[in-house]
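Engineer: The structure's right below; bear with me while I get my questions together.
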Amino acid sequence: MRYIDHHAHMVSRTTDDYAAMALSGCVAVTEPAFWAGWDRSTADGFEDYFKQLTEFEPKRAAQHHIQHYTWLGMNPKESDNRQISVEVLRRIPRHLDGPTVLGIGEIGLNRVTRNEIATYTEQVELATQFRQLVLIHTPHLEDKLKGTRITIDVLRRYPDLAPGRVIVDHAEEHTVEAILEHGYWAGLTLYPQTKVSAQRAVDMIEKYGPDRILVAGACDWGPSEPLAVPKFIAEMRRRRHSDALIQRVVLENPIRFLSQSPKFKLPAGLEDTVAARQ
Ligand SMILES: [Zn+2]
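Be aware that the sequence shown starts at -11, since it is given in the numbering used here, and climbs by one per residue.
Written out as structure tokens, the structure reads:
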């Protein structure tokens, strides 16, 4: 079954991973800007990374007939550094016209500090001003509930940013309801060991339905699984969910969300999908 992975840090992945994803049905990925595992020392370091995301990765993906789109932003982990954050934010607008740039992300909170909230708020403002889609990271473990609440509180201060243009990612059982209730899209990022498993994601879809829910594999440099979405598909099938429902979650939902950007092009052969016809 064809699918789109909306949260895949492909810079951390080998070409073999692209090949395996293509073989398993992946037709497009979107890659949010992220922490490299170490703190960058200058704003120039971020600009080099943005070049990698906008110039190099689309070509690498294209060799496997996978479309590659990206999100630019100051990631939550480094956003506590206000000096670099302010400089990076000043430079972001000049990159937003790039043909594969869909919006601002992943932004949000990590340890929920005052500095992080300031950087996050400025990026929500930037997205509103430049009419960008938004992809938000929510903190893990004990900070998740509090962090998700503050994340939503800040978003609600910007009524010009339509909730339907925002993905609040890394949702879990105790946060998914609030995200959906406010009209945002909920991202379920699947991990092999920690965080949400394929089983838990299917449980949530059984409970809340498929509307405005997206699933992704993260594909980062830590323990993560480039084939997480196909494994989610397998779990859906094991529980005897219909192909129509599965396709809705893994293909039509991302198409519906991403098509809000005029830069998103429907992958070849998908003109007949339900989402494309709407
Ligand atoms: Zn991420």
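Glycine is no exception: its CB is placed at the ideal position from the N, C-alpha and C atoms.
Nothing here was measured: the structure is a model prediction, and the numbers come from that model.
In whole angstroms, give me the CA-to-CA distance for LYS253 and SER247.
Structural biologist: Spanning the two alpha carbons is a distance of roughly 7 Å.
Engineer: List the endpoints of the continuous alpha helix (DSSP H) containing THR116.
Structural biologist: Unbroken alpha helix (DSSP H) run through THR116: 102 to 117.
Engineer: Should ALA232 go down as buried or exposed, given a rule of 16 or more other Cβ atoms within 10 Å for buried?
Structural biologist: ALA232 should be labelled exposed.
Engineer: For a test of the three-state rule: what should DSSP assign to GLY25, helix, strand or coil?
Structural biologist: In this structure, GLY25 counts as coil in the three-state DSSP scheme.
Engineer: Which two residues bound the contiguous beta strand (DSSP E) that contains TYR(-9)?
Structural biologist: Per DSSP, TYR(-9) belongs to the beta strand (DSSP E) from -9 to -7.
Engineer: So GLY203 packs on ALA189, CB below 8 Å; how close in whole Å?
Structural biologist: Correcting the residue type first, residue 203 is Val in the shown sequence and not Gly. Indeed they touch by this definition, with Cβ atoms about 6 Å apart.
Engineer: How many angstroms separate the CA atom of GLY205 from the CA atom of GLY175?
Structural biologist: Each residue's alpha carbon lies about 10 Å from the other.
Engineer: Are ILE140 and ALA106 closer than 8 Å when you measure CB to CB?
Structural biologist: Going by C-beta atoms, ILE140 is not nearer than 8 Å to ALA106.
Engineer: Residues in its own chain within less than 6 Å of PHE38 by CB, not counting five upstream and five downstream?
Structural biologist: Within the same chain, PHE38 has close Cβ partners LEU60, HIS83.
Engineer: Would you call the stretch -1 to 13 and the stretch 49 to 57 in contact, with 3 or more CB pairs under 8 Å?
Structural biologist: As far as the Cβ criterion goes, the stretch -1 to 13 touches the stretch 49 to 57, which means the pair count is three or higher.
Engineer: Could you tell me the distance, in whole angstroms, from the CA atom of THR126 to the CA atom of ILE95?
Structural biologist: If I take the Cα positions, the gap works out to 9 Å.
Engineer: Under 8 Å, do ARG145 and LEU121 count as touching if we go by C-beta distance?
Structural biologist: Their beta carbons are not under 8 Å apart, which means ARG145 does not touch LEU121 by this criterion.
Engineer: Tell me ALA(-4)'s beta-bridge partners as DSSP assigns them.
Structural biologist: Beta-bridge pairing links ALA(-4) to ALA206.
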